[in-house]
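**Student:** Line by line, the protein sequences are chains A and B.
In terms of the numbering used here, the first sequence is numbered consecutively and its last residue is 258.
In terms of the numbering used here, the second sequence is numbered consecutively and its last residue is 250.
Note that CB positions come from ideal geometry on N, CA and C, so glycine has one too.
No experiment lies behind these values; they were computed from the predicted model shown.
There's a structure below that I have some questions on.
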Amino acid sequence: MPRPLEPVSQGTRITLGISFFVLFFAAWAFATLGGFVSRTFLADPITMMQDGWLLLTRFGFLNDIGVTVWRVVGGFILAALIAVPLGIMMGAYKSFEAFLEPFVSFARYLPASAFVPLLILWAGIGEMQKLLVIFIGSVFQIILMVAVAVGNTRRDLVEAAYTLGSKDQGVVKRVLIPANAPEIAEILRLVLGWAWTYVIVAELIGSSSGIGHMIIDSQALLATGQMIFGIIVIGVIGLISDFLFKALNRSLFPWRLA
Amino acid sequence: MTGTILQIDNVSRVFPGVRGGAPVRALEPTSLQVAQNDFITILGPSGCGKSTLLRIVAGLDRPSSGHVMLNGREIKGPGADRGMVFQSYTLFPWLTIAENIAYGLREKGMPKARLRGFENHYPKQLSGGMQQRTAIARALANDPEILLLDEPFGALDNQTRGLMQELLLGIWERERKTVLFVTHDIEEAIFLASRVIVMSARPGRIKADIPVDLPHPRHYTMKTTPEFSSLKAQLTEEIRAEALQAEGVH
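Okay, here's the thing in structure tokens:
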């Protein structure tokens, strides 16, 4: 029996991680190919892969993937550009926090998906509307989380900087920001994951391209294989972006692992 | 000895009560004069306000009354003229050792390249003793008028602590900096100091001011000499009474 908190080797970790995927697909194949679930409602893994191949080769699904990735990244970068500086300001200056925090906390609970109809009225069904859905969904989350991280900076580091001659601005620039940079990168990684949810919601309504659009189209055709393929593609892209983000953070902040 | 560099005049500190509780008097009105090149250790039981006093000199805390003058100028906030070493490890973890030491110089606008060829390790990779050594170097790099140390070796093991004491004393003997050193370790207080200030239990006030006339340079073997032992016995008595009072034992 494994003991609590006992570490496992890298090899075991990878084997165990992959084996759940295998188990998952096996259970799925057993339920569908074994005839326990109606094919109308759930395609089997083989049909799913065939449908996926058709999507990619014949129906230009790669283009849809590209469009969706572009929307997520675009809306997310827009949100990060505005939210990270605001969050740092809120974390650093308590009056600024007192001014904005209540509103941001309120806005954070406004569901991004509920804005879709409104944003269609405001911005039409073009790219701007898609970006805005992701923007609204991400920006308040990032602001709050960054503000909390910066607000929790070790006080003794700040005091040390003051005794070394830093002025208030210097403390923000040379202590608060570098001390929290890895934390902020982690926050961005987390929120990027949520942004994927918003983009699909945005694409389900009033869209003519993207992964979400393909899924809605497939629903009309009862092509569950295509729908599942679309969902899995989202998962795989999420996994890849997560991996890249982690690798980037590791190379940007070597002092964390030192 | 030359003139007074640091003048503490009737400085007291009262912390407001938490959640409607009574305010806490951490420091009774305290006066102290520090001569140029003096090495003063402030000795007292935990919670006697010795760190509060040091933080007020550093400008990190404000006195409730009284004021502190450094070279005739009143201290209004923290500044590079007073180098500080903390008990906790306060090297900036995202900077290398060289960059940490150069931090103050960069704040003054000096070029970054001055410390090339230095260690490129991150603080996390160093032992506690090495980190505190670097912290002292970082504070000294600013060439402060006075060096403030708040139990800098408190978290180190006994052997390392002894080595660090000798190192600091060596620096002082060479550079003749004015030093204010807070500790609760009696041996440390005597070994380092030219003057030991004993503080009473909370609310803190200065209870005794004892000159240490042991010769320099001091070697660790001095800790076993009769002169050292008699000083230690005397200070142990002083501190013990305070510790008992702080614990509420009679």
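Along the chain, which unbroken stretches of the alpha helix (DSSP H) at least 4 residues long are found entirely within the region 71 to 151 of chain A?
**Tutor:** For the region 71 to 151 of chain A, whole alpha helix (DSSP H) runs of length 4 or above, ordered along the chain, are 94 to 108, 116 to 123, 127 to 151.
**Student:** Using beta carbons (cut-off 8 Å, strictly below), is B/M84 in contact with chain A?
**Tutor:** Taking the second sequence and counting its residues from 1, one reaches residue 84 of chain B at position 84. Yes, because at least one Cβ of chain A sits closer than 8 Å to the Cβ of B/M84.
**Student:** Mapping the DSSP letters down to three states, classify B/R133 as helix, strand or coil.
**Tutor:** Reading the second sequence from its first residue, position 133 is the one you call residue 133 of chain B. Three-state result, B/R133: helix.
**Student:** Hey, is B/S127's beta-carbon within less than 8 Å of any beta-carbon in chain A?
**Tutor:** On the second sequence, position 127 is the one that residue 127 of chain B refers to. Not closer than 8 Å to any Cβ of chain A, the Cβ of B/S127 fails to qualify, so no.
**Student:** Would you mind telling me which residues of chain B sit closer than 9 Å to A/S159, beta carbon to beta carbon, in chain order?
**Tutor:** If you number the first sequence from 1, residue 159 of chain A lands on position 159. It is Glu, not Ser, that sits at residue 159 of chain A in the sequence shown. Near A/E159 (Cβ distances below 9 Å), the residues of chain B are R55, A58, L60, P78, M84, F86, T90.
**Student:** Could you tell me which chain A residues have their CB closer than 7 Å to the CB of B/G104, listed as they occur along the chain?
**Tutor:** Within the second sequence, numbered from 1, the residue matching residue 104 of chain B stands at position 104. The answer, in chain order, is L164, G165.
**Student:** Check whether the Cβ atoms of B/T30 and B/I206 lie closer than 8 Å to each other.
**Tutor:** Here residue 30 of chain B refers to the residue found at position 30 when the second sequence is read from its first residue. Here residue 206 of chain B refers to the residue found at position 206 when the second sequence is read from its first residue. For B/T30 and B/I206, yes; Cβs fall inside 8 Å.
**Student:** Identify whether B/N10 lies in helix, strand or coil by the three-state DSSP scheme.
**Tutor:** Your numbering for residue 10 of chain B matches position 10 in the second sequence. B/N10: strand per DSSP, three-state reduction.
**Student:** Could you tell me whether the Cβ of A/P102 comes closer than 8 Å to any Cβ of chain C?
**Tutor:** In the displayed structure, chain C is absent; the protein chains listed are A and B.
**Student:** Name, in chain order, the residues that DSSP records as bridge partners for A/V22.
**Tutor:** The residue given as residue 22 of chain A occupies position 22 in the first sequence. Paired residue(s): none; A/V22 is not in a bridge.
**Student:** I need the boundaries of the alpha helix (DSSP H) containing A/Q219, first residue and last residue.
**Tutor:** Along the first sequence, read from residue 1 onward, the residue named residue 219 of chain A stands at position 219. Unbroken alpha helix (DSSP H) run through A/Q219: 211 to 220.
**Student:** Helix, strand or coil: which one does DSSP assign to B/E99?
**Tutor:** Along the second sequence, one-based indexing puts residue 99 of chain B at 99. DSSP places B/E99 in helix when its eight states are reduced to three.
**Student:** In chain A, which residues lie with their C-beta within 7 Å of the C-beta of B/N142?
**Tutor:** The residue given as residue 142 of chain B occupies position 142 in the second sequence. Result: L164, G165.
**Student:** Put B/E74 into one of helix, strand or coil per three-state DSSP.
**Tutor:** What you label residue 74 of chain B is simply residue 74 of the second sequence in a count that begins at 1. DSSP places B/E74 in strand when its eight states are reduced to three.
**Student:** Under DSSP, the alpha helix (DSSP H) around B/S31 begins and ends at which residues?
**Tutor:** Within the second sequence, numbered from 1, the residue matching residue 31 of chain B stands at position 31. That residue, B/S31, is in no alpha helix (DSSP H); its beta strand (DSSP E) goes 24 to 35.
**Student:** Cutting at 6 Å between CB atoms, please list the residues of its own chain near B/H67, excluding the five before and the five after it.
**Tutor:** Along the second sequence, read from residue 1 onward, the residue named residue 67 of chain B stands at position 67. The answer, listed in chain order, is D9, E74.
**Student:** May I have a chain-ordered list of the alpha helix (DSSP H) segments no shorter than 4 residues that lie completely inside the region 113 to 193 of chain B?
**Tutor:** Entirely contained in the region 113 to 193 of chain B, the alpha helix (DSSP H) runs reaching 4 residues are, in chain order, 128 to 141, 158 to 175, 186 to 192.
**Student:** Between the region 92 to 109 of chain B and the region 121 to 129 of chain B, are three or more C-beta pairs nearer than 8 Å?
**Tutor:** With a cut-off of 8 Å, the region 121 to 129 of chain B and the region 92 to 109 of chain B count as touching, because enough Cβ pairs lie within range.
**Student:** For the beta strand (DSSP E) containing B/K207, list its first residue and its last residue.
**Tutor:** Taking the first residue of the second sequence as position 1, residue 207 of chain B is located at position 207. That run of the beta strand (DSSP E) goes 206 to 211.
**Student:** If I'm right that B/A135 touches B/L180 with Cβ under 8 Å, what's the distance once you round it to whole angstroms?
**Tutor:** Within the second sequence, residue 135 of chain B is the residue found at index 135, counting from 1. Within the second sequence, residue 180 of chain B is the residue found at index 180, counting from 1. Contact flag wrong, Cβ pair sits at about 16 Å.
**Student:** For B/R161 and A/W70, what's the separation of their Cα atoms in angstroms?
**Tutor:** Here residue 161 of chain B corresponds to residue number 161 of the second sequence, with the count starting at 1. Here residue 70 of chain A corresponds to residue number 70 of the first sequence, with the count starting at 1. So the two alpha carbons sit approximately 58 Å from each other.
**Student:** Could one say the Cβ of B/P16 lies closer than 8 Å to chain A's Cβ atoms, at least one of them?
**Tutor:** Sequence index remark: in the second sequence, residue 16 of chain B carries index 16 (1-based). No, B/P16 lies away from the interface with chain A (no Cβ there is under 8 Å from its Cβ).
**Student:** So for A/V37, helix, strand or coil by DSSP?
**Tutor:** Walking along the first sequence from the start, residue 37 of chain A turns up at place 37. A/V37: coil per DSSP, three-state reduction.
**Student:** Can you tell which of B/R25, B/I5, B/M222, B/H216 has the C-alpha that lies nearest to the C-alpha of B/G49?
**Tutor:** Taking the second sequence and counting its residues from 1, one reaches residue 49 of chain B at position 49. It is B/R25.
**Student:** Where does B/G47 fall in DSSP's three states?
**Tutor:** For this step, residue 47 of chain B is matched to residue 47 along the second sequence. Residue state, collapsed to three classes: coil.
**Student:** Please report whether the beta-carbon of B/R240 lies at a distance below 8 Å from any beta-carbon of chain A.
**Tutor:** The count along the second sequence starts at 1 and reaches residue 240 of chain B at position 240. No, B/R240 does not count as interfacial toward chain A.
**Student:** Would you list, in chain order, the members of the region 137 to 165 of chain B that have their beta-carbon closer than 9 Å to a beta-carbon of chain A?
**Tutor:** So the close ones are R138, A139, A141, N142, P144, L148.
**Student:** Excluding five sequence neighbours on each side, which residues of the same chain lie with their C-beta closer than 6 Å to the C-beta of B/R116?
**Tutor:** On the second sequence, residue 116 of chain B is found 116 positions in, with the first residue counted as 1. Model confidence at B/R116 stands at a pLDDT of 46, short of 50, so the residue's coordinates are unreliable; what they give is reported in the following sentence. Excluding residues within five positions, none has a Cβ falling inside 6 Å.
**Student:** Identify whether B/I5 lies in helix, strand or coil by the three-state DSSP scheme.
**Tutor:** Residue numbering aside, residue 5 of chain B sits at position 5 when the second sequence is read from its first letter. Three-state result, B/I5: strand.
**Student:** Listing by chain order, which chain A residues have their CB less than 9 Å from the CB of B/E107?
**Tutor:** Position 107 of the second sequence, counted from the start, is the residue given in the question as residue 107 of chain B. Neighbours of B/E107 on chain A, chain order: A161, L164, G165, S166, K167, G170, R174.
**Student:** Quick test of the definition: if touching needs 3 or more C-beta pairs under 8 Å, does the region 137 to 154 of chain A touch the region 76 to 95 of chain A?
**Tutor:** With a cut-off of 8 Å, the region 76 to 95 of chain A and the region 137 to 154 of chain A count as touching, because enough Cβ pairs lie within range.
**Student:** Could you give the C-beta distance for B/T41 and B/R13, rounded to a whole number, given that I count them as a contact under 8 Å?
**Tutor:** Your numbering for residue 41 of chain B matches position 41 in the second sequence. Your numbering for residue 13 of chain B matches position 13 in the second sequence. About 20 Å separates the two Cβ atoms, so there is no contact after all.
**Student:** Using only CA atoms, which one of B/L54, B/E188, B/D209 lies nearest to B/V198?
**Tutor:** Taking the second sequence and counting its residues from 1, one reaches residue 198 of chain B at position 198. Of B/L54, B/E188, B/D209, the residue nearest in Cα terms is B/D209.
**Student:** Looking at B/R138 and B/Y89, is the spacing between their C-beta atoms short of 8 Å?
**Tutor:** Counting from 1 along the second sequence, the entry for residue 89 of chain B is found at position 89. Counting from 1 along the second sequence, the entry for residue 138 of chain B is found at position 138. No, Cβ-Cβ distance for B/Y89 and B/R138 is not below 8 Å.
**Student:** Excluding five sequence neighbours on each side, which residues of the same chain lie with their C-beta closer than 6 Å to the C-beta of A/T163?
**Tutor:** Mapped onto the first sequence, residue 163 of chain A falls at position 163. Closer than 6 Å at the Cβ level, and outside the excluded window around A/T163, lies no residue.
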